[in-house]
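Those protein sequence lines, which keep their order, are chains A and B. Take 1 as the starting number for the first sequence in the numbering used here and just add one per residue. Take 125 as the starting number for the second sequence in the numbering used here and just add one per residue. Beta carbons: idealized from backbone N, C-alpha and C, even for Gly. In this text the structure is predicted, and so the values were computed from the model without any measurement. These notes are about the structure you will find just below.
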Amino acid sequence: MSNSWHDDRELGARFATARAVEARRAPSFERVLRGPPRGRRSLWAPALVLAATVVAVGIGIWQAGSRPVSPFEVTVGALGGPTDFLLRTSEPLAFELPDLPLEAEGLDPALEGWFGDTLGRDRL
Amino acid sequence: MTEQTDLRAELEASHEESFAWAVRCCRGDRTDAEDVLHQSYEKVLDGRARFQGRSAFRTWLFGVIRLTAREHARRQWVTGRRIERWWREREPEPEAAAGPDEALTRRLERALAGLSGRQREVLHLVFYQDLTIEAAAEVLGMPVGTARTHYQRGKHRLRKRLGEEGATE
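Quick look at the structure:
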């Protein structure tokens, strides 16, 4: 097929060759109209989603394992205190708080007054 | 029904050219090109894309294929199929029957790979599809002057790259 629009015979000839090669390799019209066979759909995308989910769950478990959260823990903030230091009790906090033995992690000396007034210094 | 039959006949008449354009729009991926062309044909036949007669049928159809290819590429990012495609591209392409024509075509493809996407598209439409620069501009949705610039620069760069390839072989 002659090309009447371009102004370069040599490039035109190269593209014409490519067109002839491509015409031999093109899938039939009927096949394209039918659409891709289901079997050709690969499982890559679902496999990637599954792998990402497994990794996310793994990271979640690892994170949770590095700092266990239990009903035995509560923050000072949640008790009405001035900051969010973590308190750990040996029994669930559903019991009356001042009666429970308590320990504070990373306790700031500046908070001692609040602990003393609220919970009793001897319980820390 | 007659309109449907006419449309089908029009699609079939330009099928080979449409497939080649779809391959170009999918950056050489023939599997994607087949999917894109299938979706484009469906759009045309079920009326989601309607030919208004403002340009030649083939020019309009090429515009539909190009838009569909862009939608397809966006969907691939979302569904992760882009990664699958990247993986496929890493695998060496099976050597086609090693005739002189195939070798020339591969050389042309390698040279085209060094051009910008727009230059490749304009050259393909003008040289391969035999469209005028005006029609190519319409397919690509760009001003004729811009298409002409891409055409001139692309042609110059392609000649240079083909010359370099010839010198190294």
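*Hey, could you find the ends of the alpha helix (DSSP H) Gly241/B is sitting in?*
Here the alpha helix (DSSP H) through Gly241/B covers Gly241 to Leu247.
_Where the alpha helix (DSSP H) containing Val250/B begins and where it ends_ = Per DSSP, Val250/B belongs to no alpha helix (DSSP H) and is neither H nor E.
*asked:* For Pro46/A, tell me which candidate among Glu141/B, Val202/B, His139/B and Asp225/B has the shortest Cα-Cα distance.
replied: Nearest C-alpha to Pro46/A: Val202/B.
*Does the region 233-245 of chain B come close enough to the region 269-289 of chain B that 3 or more CB-CB pairs lie under 8 Å?*
Counting Cβ pairs under 8 Å, three or more are found: they touch.
*asked:* Using a Cβ-Cβ distance cut-off of 7 Å, determine whether Val32/A contacts chain B.
replied: Closer than 7 Å: yes.
_Cα-Cα separation, Arg231/B to Gly265/B_ = Distance between the alpha carbons of Arg231/B and Gly265/B: 29 Å.
*asked:* According to DSSP, is Ala137/B part of a helix, a strand, or is it coil?
replied: Three-state DSSP puts Ala137/B in a helix.
*Just the chain B side, please: which residues come within less than 8 Å of Ala56/A by C-beta, in chain order?*
Residues of chain B passing the Cβ test: none, with the nearest at roughly 15 Å.
*Indicate whether at least one CB of chain A lies closer than 7 Å to the CB of Phe186/B.*
For Phe186/B, not one C-beta of chain A is nearer than 7 Å to its own C-beta.
_Own chain, CB closer than 7 Å to Ser70/A, minus 5 neighbours either side, in chain order_ = Low per-residue confidence applies at Ser70/A: pLDDT is 44, beneath 50, and the placement is therefore not dependable enough to give any value.
*Among the residues of its own chain, which have a CB less than 8 Å from the CB of Gln128/B, if the five just before and after it don't count?*
Around Gln128/B: Leu169.
*Let me know if Trp184/B comes out buried or exposed under the rule of 16 or more other beta-carbons within 10 Å of its beta-carbon.*
Label assigned to Trp184/B: buried.
*From Ala133/B to Leu282/B, what does the alpha carbon distance come to, in whole angstroms?*
A direct Cα-Cα distance of roughly 35 Å separates Ala133/B from Leu282/B.
*Got a sec, what are the start and stop residues for the alpha helix (DSSP H) Gly12/A sits in?*
In this chain, the alpha helix (DSSP H) harbouring Gly12/A covers Arg9 to Arg25.
_Short of 7 Å in beta carbon distance, which residues of its chain neighbour Ala338/B, apart from the five on each side in sequence? Order them along the chain._
This structure cannot speak to residue 338/B, because chain B is shown only from 125 to 293.
*Can you pull the chain B residues whose beta carbon is under 8 Å from the beta carbon of Ala26/A, in chain order?*
Near Ala26/A (Cβ distances below 8 Å), the residues of chain B are His139, Glu140, Phe143 and Ala144.
*Residues that Gly12/A contacts on chain B, provided the C-beta gap is smaller than 7 Å*: The CB of Gly12/A comes closer than 7 Å to the CB of Phe251 in chain B, given here in chain order.
*Which class does Arg174/B belong to by DSSP, given the choice of helix, strand or coil?*
Here DSSP, grouped into helix, strand and coil, assigns Arg174/B to coil.
*Any beta-carbon of chain A closer than 7 Å to the one on His162/B?*
It does; some Cβ of chain A falls within 7 Å.
*Any idea what DSSP makes of Pro46/A, helix, strand or coil?*
In the structure shown, Pro46/A sits in a helix (DSSP, three-state: H, G or I).
*Considering only residues of the same chain and omitting the five flanking positions on each side of Thr273/B, which have a CB-CB separation below 8 Å?*
Excluding residues within five positions, none has a Cβ falling inside 8 Å.
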